[in-house]
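Undergrad:
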Amino acid sequence: MYTSPITLAVFLISLFNIALASSEIPVAKLIPRQDAGAADPACLDYERIANLSTIGANSSYRSAYLARSSFGGLVDQKMFAENMAKLPALTADAGLNTRCGNKTEIALAGAESNLTQGIVGPFTEVTPGTIKNGIEVIVIVVTIMFIFCSVWVLSP
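Residue numbers (mature numbering (1 follows the signal peptide of the UniProt record, and there is no 0)): -21 to -1, 1 to 135.
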């Protein structure tokens, strides 16, 4: 019986494939990185409230969030105010903090590192607002002071 080299190669590859699939390959054991309370609805709610409270309480985070949000400032301000009002009760709940961890501290640390990476809440590529301070600001202030003082001096 005559066999072609291609038939022999396919047969050897299939044997190698079967041998490879049946053997135990040692792999690294995975360690869960999420805390145990990650699926708990109370923990998820606490995390959301802590994140929104952190954004609402800090003017840099809040201004960057409001600049990118499509809902409008009043709706977002109301959302921040409601979550900041809920946070103290959740922070004081010892059972919730034991079960979920202190989400407020995690939110504070995460918000700072996220802002340096251009992330605020659900928005990416955020640039924090900057205050312009240069020679032009001095010129504008001096001009305004001159106008106001001249009106005061020249008034009868």
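Backbone N, C-alpha and C fix where the C-beta goes; we use that ideal spot for every residue, glycine too.
Closer than 7 Å: is that where the CB of N81 sits relative to any heavy atom of the ligand MN?
TA: This structure lacks the ligand MN; in fact it carries no ligand of any kind.
Undergrad: Could you give the DSSP three-state label for V99: helix, strand or coil?
TA: Counting from 1 along the sequence shown, the entry for residue 99 is found at position 120. Note: V99 maps to strand in three-state DSSP.
Undergrad: Quick check for students: name the residue ranges of the alpha helix (DSSP H) that lie wholly in the region 35 to 96, counting only runs of 4 or more.
TA: 38 to 47, 52 to 71, 73 to 79, 82 to 95
Undergrad: Do you know whose CA, among I85, I98, R27, L69, lies nearest A46's CA?
TA: On the sequence shown, residue 46 is found 67 positions in, with the first residue counted as 1. Comparing Cα positions, the closest option is I98.
Undergrad: Using CA atoms only, rank isn't needed, just tell me which of R78, N30, G80, G89 is closest to F59.
TA: Translated into positions along the sequence shown, residue 59 becomes position 80. Cα-wise, what sits closest to F59 is N30.
Undergrad: Alpha carbon to alpha carbon, what distance is there between L133 and K57?
TA: In the sequence shown, counting from the first residue as 1, residue 57 sits at position 78. In the sequence shown, counting from the first residue as 1, residue 133 sits at position 154. When rounded, the distance between both Cα atoms is 48 Å.
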